[in-house]
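Visitor: Residue numbers (my numbering): 64 to 329.
1. Take residue 205 as the anchor and find which of 189, 153 and 177 has the nearest alpha-carbon.
2. Pull up the DSSP beta-bridge partners for residue 103, would you.
3. From residue 13 to residue 137, what does the alpha carbon distance come to, in whole angstroms?
4. My assumption, with CB atoms under 8 Å, is that residue 220 sits in contact with residue 176. Please give the rounded CB distance.
5. Can you give me the C-alpha to C-alpha distance between residue 324 and residue 74, rounded to a whole angstrom?
6. Which residues bound the alpha helix (DSSP H) around residue 312?
7. Run through DSSP, which three-state label would residue 251 get?
8. Within a Cβ cutoff of 7 Å, which residues of the same chain sit near residue 91, ignoring the five residues on either side of it in sequence?
9. If I measure Cβ to Cβ from residue 148 and keep anything under 6 Å in the same chain, skipping five residues before and after, which residues do I get?
10. In the DSSP assignment, the beta strand (DSSP E) including residue 78 goes from what residue to what residue?
11. Which residues bound the beta strand (DSSP E) around residue 202?
12. Among residues of its own chain, excluding the 5 on either side of residue 212, which ones have a beta-carbon nearer than 7 Å to its beta-carbon?
13. Nearest-angstrom Cα distance between residue 273 and residue 165?
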């Protein structure tokens, strides 16, 4: 049974995986046997990622590519197929967020968030699908979000994009499931990364940051997630073990979406 979770002989592309969640997922896929390729938007970020993979004992190939540029995406996919082999697993991880009240948000900022979080996954999936169809098999994992389900203040563009990504995931399932291609979403909860570290720091008086308290009060697990908490779900969705799982969004959120919150004390 454990062999169903093996990724030996598979080539994975994880977008935006120089660090953070993408790096953790790519590292996990590698430990399960996959060959790792990744991209980032600048040579500096790719070099940083390559150094991190090398330090972790992982042989990875990195590519500079703006995933909002369709011509660049096509060229990258062609290079990967030449350098590392056909792409069996795609993880659409690259993403950005801009926090700003909607009535104050510039149109171009809104469009940029949509381009990176929704249009780019469409274009990268579009580029790898012909090869997957020819081989009659493949795995696409879109990194969704709790904002695929919930709204929250100041994240209108991000929530719109991630909600759209959820439906793109289901549409890819519907259109290509008959080709033995599984497309699922992985929705992280609040994850402890360097980017969220300021939200978890103690205040000068030693009290917790208000946002930290807010997240813990909404999370039945009573903790922030770690990037490694996403590795098991990602391996499952990338492996033979999930061959009959399609169009599903797997939320690794510590239970937030199942929970209305703690009852106020009288």
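Think of the CB as a built atom: it goes at the ideal place given N, C-alpha and C, for glycine as much as any other residue.
Just so you know, these numbers come straight off a predicted model, no measurement behind them.
Guide: On the basis of the supplied data:
1. Taking the chain shown and counting its residues from 1, one reaches residue 205 at position 142. Nearest of 189, 153 and 177 to residue 205, Cα basis: 153.
2. The sequence position of residue 103 within the chain shown is 40, counting from 1. Answer by DSSP bridge pairing, in chain order: 127.
3. Past the boundaries of the shown model lies residue 13; the chain is included only from 64 to 329, so the question cannot be answered.
4. As a first step, residue 220 must be located in the chain shown, where it is residue number 157. As a first step, residue 176 must be located in the chain shown, where it is residue number 113. About 4 Å separates the two Cβ atoms, so the contact holds.
5. Position 261 of the chain shown, counted from the first residue, corresponds to residue 324. Position 11 of the chain shown, counted from the first residue, corresponds to residue 74. The straight-line gap from Cα to Cα measures roughly 41 Å.
6. Residue 312 sits at position 249 when you count from the first residue of the chain shown. Per DSSP, residue 312 belongs to no alpha helix (DSSP H); it is in the beta strand (DSSP E), 312 to 315.
7. As a first step, residue 251 must be located in the chain shown, where it is residue number 188. Correct three-state label for residue 251: strand.
8. Your numbering for residue 91 matches position 28 in the chain shown. For residue 91, the CB contacts under 7 Å within the same chain, skipping 5 residues up- and downstream, are 294, 297 and 298 in chain order.
9. In the chain shown, residue 148 corresponds to position 85, counting from 1. Within the same chain, and ignoring the five residues on either side of residue 148 in sequence, the residues whose Cβ sits closer than 6 Å to its Cβ are 74.
10. Residue 78 sits at position 15 when you count from the first residue of the chain shown. Unbroken beta strand (DSSP E) run through residue 78: 74 to 78.
11. As a position in the chain shown, residue 202 is number 139, starting the count at 1. Where residue 202 is concerned, the enclosing beta strand (DSSP E) starts and stops at 201 to 206.
12. Indexing the chain shown from 1 puts residue 212 at position 149. Within its own chain, the residues whose Cβ lies closer than 7 Å to the Cβ of residue 212, once the five positions on either side in sequence are excluded, are 320, listed in chain order.
13. Against the chain shown, residue 273 aligns to sequence position 210. Against the chain shown, residue 165 aligns to sequence position 102. Per the coordinates, the alpha-carbon of residue 273 lies some 23 Å from the alpha-carbon of residue 165.
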